[in-house]
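J.:
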Amino acid sequence: MQNKVMRNSLILLLVGIVVVLSGCGKPKPAEQIIETNVQENAAATSTGSQVPAEKFELHGDYAIDLTDLGMALTFYLRIDEDSKFILSANRQFASDRGSGTIGELDGTYLMIYSDSTPEKSKTATFERIGHNLIFRTPLPYGSANISFEAVDSDNPEIIHHLMANKYVYEEYYDTYLGFSSEDGVDYKYVLNLGPGARYHYVSTHDSLGETVQYEERGTFRVTGQNFGLTPQGEMELWGAITDDGGLELSVKSSAISDREERLLRVATTAKHAGNWYAQQSIDNGEAQAALELDYFGGYTFTSIYNDVKHVEQGAFEATNGTMTFTPSGDQSTPIVGTKANYTLNATFDLSDTVKNVEWHFYDAAIQGEFSGGTMVNEAYLATLTMNADGSFELVIVDQENDNLELMRQNGTFNISAGPMAHMVTLTAPASVSAGEIWPTGLNLTFEIDGTNYSFMLTK
Numbered sequence: 107m108q109n110k111v112m113r114n115s116l117i118l119l120l121v122g123i124v125v126v127l128s129g130c131g132k133p134k135p136a137e138q139i140i141e142t143n144v145q146e147n148a149a150a151t152s153t154g155s156q157v158p159a160e161k162f163e164l165h166g167d168y169a170i171d172l173t174d175l176g177m178a179l180t181f182y183l184r185i186d187e188d189s190k191f192i193l194s195a196n197r198q199f200a201s202d203r204g205s206g207t208i209g210e211l212d213g214t215y216l217m218i219y220s221d222s223t224p225e226k227s228k229t230a231t232f233e234r235i236g237h238n239l240i241f242r243t244p245l246p247y248g249s250a251n252i253s254f255e256a257v258d259s260d261n262p263e264i265i266h267h268l269m270a271n272k273y274v275y276e277e278y279y280d281t282y283l284g285f286s287s288e289d290g291v292d293y294k295y296v297l298n299l300g301p302g303a304r305y306h307y308v309s310t311h312d313s314l315g316e317t318v319q320y321e322e323r324g325t326f327r328v329t330g331q332n333f334g335l336t337p338q339g340e341m342e343l344w345g346a347i348t349d350d351g352g353l354e355l356s357v358k359s360s361a362i363s364d365r366e367e368r369l370l371r372v373a374t375t376a377k378h379a380g381n382w383y384a385q386q387s388i389d390n391g392e393a394q395a396a397l398e399l400d401y402f403g404g405y406t407f408t409s410i411y412n413d414v415k416h417v418e419q420g421a422f423e424a425t426n427g428t429m430t431f432t433p434s435g436d437q438s439t440p441i442v443g444t445k446a447n448y449t450l451n452a453t454f455d456l457s458d459t460v461k462n463v464e465w466h467f468y469d470a471a472i473q474g475e476f477s478g479g480t481m482v483n484e485a486y487l488a489t490l491t492m493n494a495d496g497s498f499e500l501v502i503v504d505q506e507n508d509n510l511e512l513m514r515q516n517g518t519f520n521i522s523a524g525p526m527a528h529m530v531t532l533t534a535p536a537s538v539s540a541g542e543i544w545p546t547g548l549n550l551t552f553e554i555d556g557t558n559y560s561f562m563l564t565k
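So the number in our numbering is just where the residue sits in the sequence shown, counting from 1, plus 106.
1) For Gly302, does the three-state DSSP call read helix, strand or coil?
2) By DSSP, does Asn196 sit in helix, in strand, or in coil?
3) Tell me whether Tyr566 is buried or exposed, calling it buried when 16 or more other Cβ atoms sit within 10 Å of its Cβ.
4) In this structure, does DSSP put Asn549 in helix, strand or coil?
5) For Ile218, is the classification buried or exposed, using 16 other Cβ atoms within 10 angstroms of its Cβ as the cut-off for buried?
6) Determine the DSSP secondary structure at Lys377, reduced to helix, strand or coil.
7) Please work out which residues of its chain come closer than 6 Å, Cβ to Cβ, to Ser128, disregarding the five sequence neighbours upstream and downstream, and give them in chain order.
8) Is Asp436 helix, strand or coil when you go by DSSP?
9) Are Asn332 and Gly302 touching if we call contact CB-CB under 7 Å?
10) Rank Asp350, Thr310, Tyr278 by C-alpha distance to the C-alpha of Thr329 and give the top, closest one.
11) So which of Ala169, Asp289, Gly290, His306 has the shortest CA-CA distance to Leu297?
12) For Gly380, I'd like the list of residues in its chain whose CB is within less than 7 Å of its CB, leaving aside the five on either flank, ordered along the chain.
13) Could you check if Val530 is buried or exposed, using at least 16 other CB atoms within 10 Å of its CB as the buried criterion?
14) Using three-state DSSP, classify Asp174 as helix, strand or coil.
15) Between the Cα of Val318 and those of Thr325, Gly517, Asp292, spot the shortest distance and give me the residue it belongs to.
16) Would you decide whether Met177 is buried or exposed? Buried here means 16 or more other CB atoms lie within 10 Å of its CB.
17) Hey, quick one: how far does the beta strand (DSSP E) through His165 stretch, first residue to last?
18) Should Gln385 go down as buried or exposed, given a rule of 16 or more other Cβ atoms within 10 Å for buried?
19) Exposed or buried, what is Phe285 when buried is set at 16 or more other beta-carbons lying within 10 Å of its beta-carbon?
20) Whole angstroms are fine: how far does the CA of Lys565 sit from the CA of Gly324?
21) Measuring CB to CB, does Thr551 end up less than 7 Å from Ser560?
22) Determine, using beta carbons only, whether Leu456 and Ser387 come nearer to each other than 7 Å.
23) Report all residues from its chain with a CB closer than 8 Å to the CB of Tyr275; omit the five preceding and five following residues, and keep chain order.
24) How is the beta strand (DSSP E) around Asn558 delimited, first residue to last?
25) Just curious, the beta strand (DSSP E) that Met526 is in, first and last residue?
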């Protein structure tokens, strides 16, 4: 409480300074007061060589991702060396969603928007954490006012904060993949590097028919050919960048294992990797198909028809929305398909005798069973099943009234690009419902007894 009072007092003081100085010149920008925020100590690599202390500068480009705050939206902030700022929907900064000047006092930074007036101030405050910014008040963006914190929907003890993650070491942003075998167990390592010098590391292996996962998050930095990882709550660990761009890092295979040095290479097709499913009626039978795209440009197509399994493997390339599949074999003819809006269309053989079947695949992210409630009436529970043939089944019940069935629908779904997120439209014989696909699930609205209810459905 005392910190909030002090922060508010600083804001009032900064605003007061702006008002006073507006008659005699511009307010003193942040960079003229505090040029950099420097890590206190230099560090040593695993070989004993010294690396310089890291320098944190305010000016640069930042990504503001609202996923943890419950919105499928990322926008961007640019701060120049004169402490001018602009917010925009993309990194070209072609559209102005808010701009102005930044001032600073005792570590609290104040964004003063150009349309702010003494009668109606328009500001936001933030503090610096390393390269990144953490907002302490709502952030005006266009006509919206973005909340600066939110309680986690699954764990109320977790508070998510509005952050601006800076683009530093951008040339290393990618997905890196590694493998190892220990005592007969195969491990796969996936490392993602992104804005804010943040990393997300996952190690997986199979145990007794189930996938076991170890997950780790933290920050990274680069100096020369040295690559440093700092896991949350741990000391900095130093590795090396190989001549071909790989990373030699000390990582854990599981939660109980010691760290071992592993080589992770750039996954060239990481953004396309994943599983896709299709189903359709052919003659008098049902044909099912699965398409797996891996991290290094390989694919596996599997179909089942009349209990006969057909498998095809090969390599793929992706150029914008065009997918080119080249089956293994010297005489293979490339297959050209398209990928967009959680769907992938391509032609594959159903069997050795049934050739050139057109398949309409759906991303695994929108396949299977989703369920969840609504904040308006927590007793209502919706269960939605999305099938590989483009059909759906929806059931909504009232849990406080002996699971009274409020709605049951069957129909087809369609995916399209929306202004801020991809849209899913459910078409049933008597109604049409729609909503957005978020990283956390499906945000859908259904009409029950004349009232619209928004449901958040997750797997």
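Think of the CB as a built atom: it goes at the ideal place given N, C-alpha and C, for glycine as much as any other residue. Quantities reported herein were computed from a predicted structural model and do not represent experimental measurements.
T.: Let me spell this out:
1) It is helical.
2) Secondary structure at Asn196: coil, using DSSP grouped into helix, strand and coil.
3) With the chain covering only 107 through 565, there is no way to say anything about residue 566.
4) DSSP places Asn549 within a strand segment (E or B) once states are collapsed to three.
5) The residue in question, Ile218, is buried, as its Cβ has 16 or more Cβ neighbours within 10 Å.
6) Lys377 falls in the helix class under three-state DSSP.
7) For Ser128, the predicted model reports a pLDDT of 38, less than 50, meaning its position is unreliable; a value from the coordinates is still stated below. Taking Ser128 as the centre and dropping the five residues before and after it, the same chain places no C-beta closer than 6 Å to its C-beta.
8) Correct three-state label for Asp436: coil.
9) Taking C-beta atoms as the reference points, Asn332 and Gly302 fail to come closer than 7 Å.
10) For Thr329, the closest alpha carbon among the candidates Asp350, Thr310, Tyr278 is that of Tyr278.
11) Out of Ala169, Asp289, Gly290, His306, His306 has the C-alpha closest to the C-alpha of Leu297.
12) Answer for Gly380: Leu399, Asp469, Ala470, listed in chain order.
13) Buried is the call here.
14) In the structure shown, Asp174 adopts helical secondary structure according to DSSP, grouped into three states.
15) Residue Asp292 holds the alpha-carbon nearest to the alpha-carbon of Val318 among Thr325, Gly517, Asp292.
16) The residue is buried, with at least 16 neighbouring Cβ atoms inside 10 Å.
17) In the DSSP assignment, His165 falls outside any beta strand (DSSP E) and carries neither an H nor an E.
18) Its Cβ being crowded by 16 or more others within 10 Å, Gln385 is buried.
19) By the C-beta density criterion, Phe285 is exposed, having fewer than 16 other C-beta atoms within 10 angstroms.
20) Taking C-alpha positions only, Gly324 is separated from Lys565 by approximately 26 Å.
21) The answer is yes: Cβ separation under 7 Å.
22) In terms of Cβ geometry, Leu456 and Ser387 do not form a close pair [threshold 7 Å].
23) Closer than 8 Å at Cβ, skipping near neighbours: Leu299, Ala303, Phe326, Arg327, Val328.
24) That run of the beta strand (DSSP E) goes 557-563.
25) Element bounds for Met526: n/a, residue is neither H nor E.
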